[in-house]
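Numbering (this note's numbering), first residue to last: 58 to 94.
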Amino acid sequence: MKCLKQILKIIMGVIFAVLLVYYAVAKMIITFARSIR
């Protein structure tokens with residue numbers, strides 16, 4: 058059970074990191090698209 062909780066914590070951390078990267082990339086794309094126009 059303790060092992061399962063640790064795995065869950067790792068999965069949550071990975072998801073959070075992916076969302077953070079996705080947000081940063083989306084922001085960069087938006088600013089890039091605005092500079093082209």
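Note that CB positions come from ideal geometry on N, CA and C, so glycine has one too.
Straight-line gap, residue i to residue j (C-alpha atoms, nearest Å)
i	j	result
Val75	Ala83	12 Å
Lys59	Lys66	11 Å
Ile64	Gly70	10 Å
Chain-order list of residues whose beta-carbon lies under 8 Å from that of residue i (same chain, five-residue window excluded)
i	result
Leu61	none
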